[in-house]
Structure formats: C-alpha cells, structure tokens
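Going down the list, the sequences are from chains A and B. Numbering-wise (my numbering), the first sequence opens with residue 3 and increments by one. Numbering-wise (my numbering), the second sequence opens with residue 224 and increments by one. Glycine is no exception: its CB is placed at the ideal position from the N, C-alpha and C atoms. Okay, so here's the structure we're looking at.
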Amino acid sequence: MTTVKPILLAEDNPRDAELALAAMEEHHIADKVVVCHDGAEVLDYLYCRGAFKSRECGNPVVVFLDLKMPKVDGIEVLRTIKNDVNLKPIPVVMLTSSREERDLAQSYALGANAYVVKPVEFQQFISAVKELGVFWGVINEPPPEKN
Amino acid sequence: MESATQDRPITNPQAAPPQPEPMPPSPASTWLRGLREGTERLAAWISQWSIEQRVLAGFGLVFLGILVISIMSYRNTAVVVKNSRLDTSSHELIQLLGSIEEALIAAESGHRRYLVTGDESYLKAYRGLVDQMPEFSRYLQALSGPSGQEKRIAELERLIQQQLDIETDAISRRSTQGPEAVRHLALPGVAKRELDEIHRLIADLETSAQQATRTRVLHSAGTTRSTIALLALGAVLQLVLLGSVYFLIHHDITNRRRVAAELRRQGELLQAANKELEAFSYSVSHDLRAPLRHIDGYAALLSKTAGESLNDKARRYLQTISDSAKQMGQLIDDLLVFSRMGRQEMLHSTVNLNQLIRTVIHDLRLDLQGKVISWTIGSLPEVPGDPAMLRQVFTNLLSNAVKFTATRPQPRIEVGASRDTPGEVTVFVRDNGVGFDMQYVNKLFGVFQRLHRNDEFEGTGIGLANVRRIIHRHGGRTWAEGSLDQGATFYVSLPLKRTSS
C-alpha cells in the first residue's frame, strides 16, 4: 500500500471519539483516523464537498458509523453509501450503543458489513476498537479503487 | 358469696329482671306479623342472589305458572268432555226407559186381552218383551254405571222380572185350566201394583237423569269459563316471558357492545403505552450507556496517565469509580433484557426439555472451573414454547443452583419433572446450596431483588424475574421452596398444550 488510506470515524460524542482515538493510539493507527461529528459531515467527506472540498479524493478504508447522530443519522448515511455505486464497496461497520433487534436488522438489511455494540467496560471497548481498527484498517484488503 | 352472686351473668333466669308481660296478640295480627317477617326474610335472601340466579328464579316461576295453567286447562277440558259423554248416556237411558215402559204397557194390556179372549195373537207384545228383555237388561246394566243409579235400576229390573213372572204364570194358567181360572185376574190385571211401582220408578229415574244433566250443563259452563280465564292468564304469562327474554337479550347485546368498545379502547391505550415503553428502553439502551462508558474510560485513562504518581488510596478510588460504572452497565443490560422479554415476539415451537437441560449444563461446565457437581437429571417431556426463552429460564435456574452450591464441599443439583396437575408439567431444579428463608419467598422472583450481599454471591437480581416473566408468557407458574442452609427447590409449571399469548 503506497498511500495511507484513512479510517473514517463518525461519532457525534467527542468523548466517545476521544476514547476511540485513545484506543487506536495504542496500536499507532490513530493518525489514520478522520473524525466526523454528524451524518452530514460524513456525507460531505465521502462526496468531497463542503469542508472537505479540498481533500484528496478517494474512499476511506473503512467507515465506523454511529447510529444516533445529529442532522443525518447513521441509518440514513448507511443507506446513502450502499445506494451509491462508487461508495458501495466501502466496508461499513456500525459502532453503536444499541443492541436493539430493530437496529441490527435494519443495518444488516441495508448492507452493513459488521455491527459492533460498544462495550461499557473501557478495557473491552479499547480492545474492541483496537481490533476493529487493526482488522479493517490493516488486515483487511480494501476493494480496488476505480479511477 | 354476695359479690359472686352479683357477678353472675344476667342471662341466669333467676337473676334476670322480670320481663314485662307482652300484650297477648290477636291471632290475626300474629299471622300478619309472621307474614311480614317471612316476606322480609325472603326479600333479604333474594337480595343475596346473583343477577343470573334471580333471572333463573323468575323464569322458573313463570314456567311453573304456565305449567300449572296447562294442567288445569287440560283437566277442565277433560271434565267438559266427560260431562258431554255422561249427557249422552243420560239421554240414552231416558230413551231406553221410555221404550221399556211402552213395551211393558203393551205386554200387560195384551196379556189381559189374551186372558179374556184366549186369542194368542194378543200375546205378541208380551212375547216380544220376553224376547227383548235380556237385551234391555244388558243395555240397562251398561247405562247404570255412568248414571250412578245402579240401585234403582236393579230394583227396576227386579220389578220388571216379577211383573213378567206374574204375567207368565197367568198365561200358563189360562192355557191349561181355561178362562175360568183367570177370570178374576183378567179385568184388574195380574200385576197392577207392580206396574204402578215400575211407572213410578221409571219417572224417578228420568227426573234424576234430567236433573243430573242440568247440573252438568251448569258445571260445564263454569268449567269452560274458568278454562278461558286460565288460558288468558297463560297467554299473559307467556307474553311476560317473551318480553323478559327480549329485554334480557337486548340488555346482554348492549352490554357486550359496551364491553367490546371498552376493550378496544383499553387495547389502544395499551398499545400506546407499549410504544412509549419501547421508545423509553431504546433511549435507555442508547443514551444511558454512553456516559457510563465515559466514566469507565476516563477513569482508565486517568489511572494510565497518572498511575505512577497516584497513591494506593487514589488508585482504589479510581477502581471503585470504574467498578460502579461497570455494575450500572450490567444493571442496564439486565433491565433491557428483562423489558425485551416482555415485548419480544414469542416463537411457537416444541422444546425438548431433556436436550435443552443437557445443552445448558454443557454450557455451564465452562464456568465451573473444574468444580465437580453431582448432577441428577430425570426424564423430562417435550413442551410447546419458545426455545430461546426456555433456554434462558433453565440457564438462569441452573446457573443459580451452581452459584449457590459453590460453597458446598459436595454440590448436588437435581432436575426432574412431575405431572401432578392434568394438562401441565412441573419441572423442578433442586440444589443442596445455601437455600433461603421461606419468609422472603415472595421477593425471590422480583426485579433486582436479592437475598444475598454482593460480596457473598454476585448478580444483579434479574435472573428469577426473567424466569417468572418467561414462564408467565408461556401460561405457566413459578414458585420455590427452601430453608436456610438446607438447599432450595425452584419449580416451573408449563402447560402441555399451547395457551400463551
């Protein structure tokens, strides 16, 4: 891999974001992480518009998506990604507090690649986020980029 | 002694003050008072009846009335029919008596002419009578029964026979000894006295038959009138019955409509409440967990970054913060599971409890950490139910048994089933663990109710609440027996046929 492709973390709660970053820090992948604070920002990033107009275009290696976010929620973002031919190949991991059956079913129906419930216990949270980051950001081979 | 006498209860007849003599009541007023008291007692008794009993009693009374009226009308009609039959026979009797009288007169005058002239042709009437006599007699016998005149008719027959005998005697003397022998008989007639007697008797018989007929006609008319009145009363009663039936059915239908509307409204309310509850638990699931994660996370980060410079006390405080956050997280998770148990759609399939228990025990073995438990598993049936939910039930019961026998040197756990009540099976889980005091038995199945301190046995106290909720949803019951330090037995009963919501 020549260029380092970013991990996109959609997390409206700055504390959760900080904790997630702290977890990834331990595995030195935090610098790959781009944090968006709501669904609209995620879409702006993916479509290289708004605040991300000037970024070097290209899909992230994975999107970690919270369900409950202001403006555009996780489910809506997921639907947009999976309905767009260019964005569809991006692996999307739902990273949420909800274990509700409804959310699980809906996410998988829309094409989520994984669904992870954030553990309350920090150690478990750290290891979960770390493993996710390592798996999707390092181990997993992302889909080839069409140019 | 004196005080002892005074202490006697005044019910003692000797010690009781003399009762004022009541006025001797007149018999009529006593009777009236008795009637009034009786009516009051009856009213009090009836007021204790349920509405169904009252309706039934009312219907019973009306039915009884209609029955009595029907029987009386039938009997009245029978009387009228019988009277008309008696009238016919009276009429026939009168006719017969007339014929007999006529024949007797003809025979008597004919035999007298024969006695005078010796001309046998005058004996035609006499011979006719003799020939006809047995038939007359039979006819009289037949009519004597219904007319109630047996004695008079027997007397009549005897007189007729006597008359005939006398005439026969005279005729034979005339034919053998000639006219001289009977001359003294011929003119006045041989049996004039008997004949008069017969006339009188026949007149009597006719009069009384006519009189009886007149009485019967009057009686029949009265009976017919009363029959008509009875039938009218019966018709009124039937109308009352029909009216009450209509009223009751109408009342019932109105009631049913009202209840159905009420049920529908309640159902809507319940649905709304359920939706609200769902939104609430969703929000709990999302929003309550995040701050807990932060508390635990930042406590961990703090202990990591400042760990070196912290003393033991500070480190312990941080640990407590972290532990409490974890515990609350567990409580929230348990509560969410419990709430989901109540709402979750139930899967209807058949569960083999034998297999289920084996799977649960197999899963538990991982947590036993080498501890040896003596298991006794009886034969268990198949029951209708949700496999995942029932698995939760037995996981909770068995892991409880494992948990509370952990302090025993030789833990024993027994699972078995009995079928004492028809249509359901009772499964029990018995252990020789620490048991519980029966006075707290009602708390066992409550949410977050615990009988042990956290440092004795860990747990949030949701397990048995889940067991109860699941078993109730299956249409079964839960209960427990135990005593302190003597082990405990938990029972769940499950219907063998599907009844649940």
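TODO: Could you tell me which chain A residues have their CB closer than 8 Å to the CB of residue 512 (chain B), listed as they occur along the chain?
DONE: Taking the first residue of the second sequence as 1, we reach residue 512 (chain B) at position 289. Think of a sphere of 8 Å around the beta carbon of residue 512 (chain B): the chain A residues whose beta carbon falls inside it are 99, 120 and 122, in chain order.
Open item on the list: With the cut-off set at 8 Å, would you say residue 45 (chain A) and residue 79 (chain A) are in Cβ contact?
Closed with: As a first step, residue 45 (chain A) must be located in the first sequence, where it is residue number 43. As a first step, residue 79 (chain A) must be located in the first sequence, where it is residue number 77. Yes; because the gap between Cβ atoms is below 8 Å, this pair is in contact.
Task: Straight-line Cα distance separating residue 662 (chain B) from residue 710 (chain B) - done: Sequence index remark: in the second sequence, residue 710 (chain B) carries index 487 (1-based). Sequence index remark: in the second sequence, residue 662 (chain B) carries index 439 (1-based). Straight through space, the alpha carbons of residue 662 (chain B) and residue 710 (chain B) are spaced by roughly 15 Å.
- [ ] May I ask which residues mark the beginning and end of the beta strand (DSSP E) holding residue 607 (chain B)?
- [x] As a position in the second sequence, residue 607 (chain B) is number 384, starting the count at 1. For residue 607 (chain B), the uninterrupted beta strand (DSSP E) segment begins and ends at 605-608.
Open item on the list: Along the segment 70-84 of chain A, where does the CB come closer than 9 Å to a CB of chain B? Name the residues.
Closed with: Per Cβ criterion, the list reads 70.
Task: Cα-Cα separation, residue 720 (chain B) to residue 65 (chain A) - done: Against the second sequence, residue 720 (chain B) aligns to sequence position 497. Against the first sequence, residue 65 (chain A) aligns to sequence position 63. The straight-line gap from Cα to Cα measures roughly 50 Å.
Open item on the list: Between residue 549 (chain B) and chain A, is the shortest Cβ-Cβ distance under 8 Å, so that the two count as touching?
Closed with: The residue given as residue 549 (chain B) occupies position 326 in the second sequence. Yes, residue 549 (chain B) counts as interfacial toward chain A.
Open item on the list: Bridge partners for residue 9 (chain A) per DSSP, in chain order?
Closed with: Along the first sequence, read from residue 1 onward, the residue named residue 9 (chain A) stands at position 7. DSSP, once it has assigned bridges, lists A:35 and A:64 as partnering residue 9 (chain A).
Open item on the list: With H, G and I counted as helix, E and B as strand and the rest as coil, what does DSSP make of residue 85 (chain A)?
Closed with: Here residue 85 (chain A) is taken as the residue at index 83 of the first sequence, counted from 1. Residue 85 (chain A) falls in the helix class under three-state DSSP.
Task: residue 445 (chain B) versus residue 461 (chain B) - alpha carbon distance - done: The residue labelled residue 445 (chain B) in the question sits at position 222 within the second sequence. The residue labelled residue 461 (chain B) in the question sits at position 238 within the second sequence. Computed Cα separation, rounded: 24 Å.
Open item on the list: At a threshold of 7 Å, does residue 640 (chain B) count as lining the ligand SAH (C-beta to nearest heavy atom)?
Closed with: Within the structure as shown, the ligand SAH is missing, as the structure has no ligands at all.
- [ ] Scan the segment 511-531 of chain B for residues whose Cβ lies nearer than 8 Å to a Cβ of chain A and list them as they occur along the chain.
- [x] Answer in chain order: 512, 513, 515, 516, 517, 519, 520, 521, 522, 523 and 524.
Open item on the list: Taking the alpha-carbon of residue 7 (chain A) as reference, which of A:95, A:48, A:62 and A:141 has the nearest alpha-carbon?
Closed with: As a working mapping, residue 7 (chain A) is identified with position 5 in the first sequence. With respect to the C-alpha of residue 7 (chain A), the residue from A:95, A:48, A:62 and A:141 having the closest C-alpha is A:62.
TODO: Reducing DSSP to helix, strand and coil, say where residue 596 (chain B) ends up.
DONE: Translated into positions along the second sequence, residue 596 (chain B) becomes position 373. Shown here, residue 596 (chain B) sits in coil according to DSSP, grouped into three states, outside any helix or strand.
TODO: Could you have a look at residue 572 (chain B) and say whether DSSP puts it in helix, strand or coil?
DONE: Along the second sequence, read from residue 1 onward, the residue named residue 572 (chain B) stands at position 349. Residue 572 (chain B) sits in a strand when the DSSP states are folded into three classes.
TODO: Using a Cβ cut-off of 9 Å, pull out every chain A residue sitting near residue 552 (chain B), in sequence order please.
DONE: Counting from 1 along the second sequence, the entry for residue 552 (chain B) is found at position 329. Within chain A, the residues near residue 552 (chain B) are 121, 122 and 123.
Open item on the list: DSSP three-state label for residue 71 (chain A), please.
Closed with: Start at 1 with the first residue of the first sequence, and residue 71 (chain A) comes out as number 69. Reduced to three states, the DSSP call for residue 71 (chain A) is coil.
Task: Beta-carbon gap between residue 363 (chain B) and residue 376 (chain B) smaller than 8 Å - done: Counted from its first residue, the second sequence places residue 363 (chain B) at position 140. Counted from its first residue, the second sequence places residue 376 (chain B) at position 153. Cβ atoms of residue 363 (chain B) and residue 376 (chain B): closer than 8 Å.
- [ ] Classify residue 232 (chain B) as helix, strand or coil using the three-state DSSP reduction.
- [x] Taking the second sequence and counting its residues from 1, one reaches residue 232 (chain B) at position 9. Its pLDDT being 45, under 50, residue 232 (chain B) is placed unreliably in this model, and the coordinates cannot settle the point.
Task: Closer than 7 Å at the beta carbon, the chain A residues around residue 540 (chain B) - done: Here the question's residue 540 (chain B) lines up with position 317 in the second sequence. Residues of chain A with a Cβ closer than 7 Å to the Cβ of residue 540 (chain B) do not exist, since the nearest Cβ in that chain sits about 16 Å away.
Open item on the list: Can you tell me whether residue 116 (chain A) is helix, strand or coil according to DSSP?
Closed with: Position 114 of the first sequence, counting from 1, holds the residue named residue 116 (chain A). The answer is strand: DSSP assigns residue 116 (chain A) an E or B state.
Task: Minimum Cβ-Cβ distance from residue 12 (chain A) to chain B less than 8 Å - done: If you number the first sequence from 1, residue 12 (chain A) lands on position 10. Interface residue (Cβ-Cβ distance to chain B less than 8 Å): residue 12 (chain A) is not classified as such.
- [ ] Check residue 636 (chain B) in the structure and name its three-state DSSP category.
- [x] Numbered from its first residue, the second sequence carries residue 636 (chain B) at position 413. Three-state DSSP puts residue 636 (chain B) in a strand.
- [ ] Determine the chain B residues that contact residue 17 (chain A) at a beta-carbon separation under 9 Å, and present them in chain order.
- [x] If you number the first sequence from 1, residue 17 (chain A) lands on position 15. Correct list: 513, 514, 516, 517, 520 and 521.
TODO: Answer with yes or no whether the minimum CB distance from residue 24 (chain A) to chain B is below 8 Å.
DONE: Taking the first residue of the first sequence as position 1, residue 24 (chain A) is located at position 22. It does: the Cβ of residue 24 (chain A) has a partner Cβ on chain B nearer than 8 Å.
Task: Per-residue DSSP class, three states only, for residue 547 (chain B) - done: Mapped onto the second sequence, residue 547 (chain B) falls at position 324. Reduced to three states, the DSSP call for residue 547 (chain B) is helix.
Open item on the list: Judging by CA-CA distance, which residue of B:454, B:601, B:517 and B:571 is the nearest neighbour of residue 609 (chain B)?
Closed with: What you label residue 609 (chain B) is simply residue 386 of the second sequence in a count that begins at 1. Considering only alpha carbons, the answer is B:571.
TODO: State buried or exposed for residue 476 (chain B), treating a residue as buried only when at least 16 other CB atoms are found within 10 Å of its CB.
DONE: Against the second sequence, residue 476 (chain B) aligns to sequence position 253. Exposed, by the Cβ-count rule.
- [ ] Determine the chain B residues that contact residue 106 (chain A) at a beta-carbon separation under 9 Å, and present them in chain order.
- [x] The count along the first sequence starts at 1 and reaches residue 106 (chain A) at position 104. Taking a Cβ-Cβ threshold of 9 Å, none of the residues of chain B is close to residue 106 (chain A); the smallest such distance is about 12 Å.
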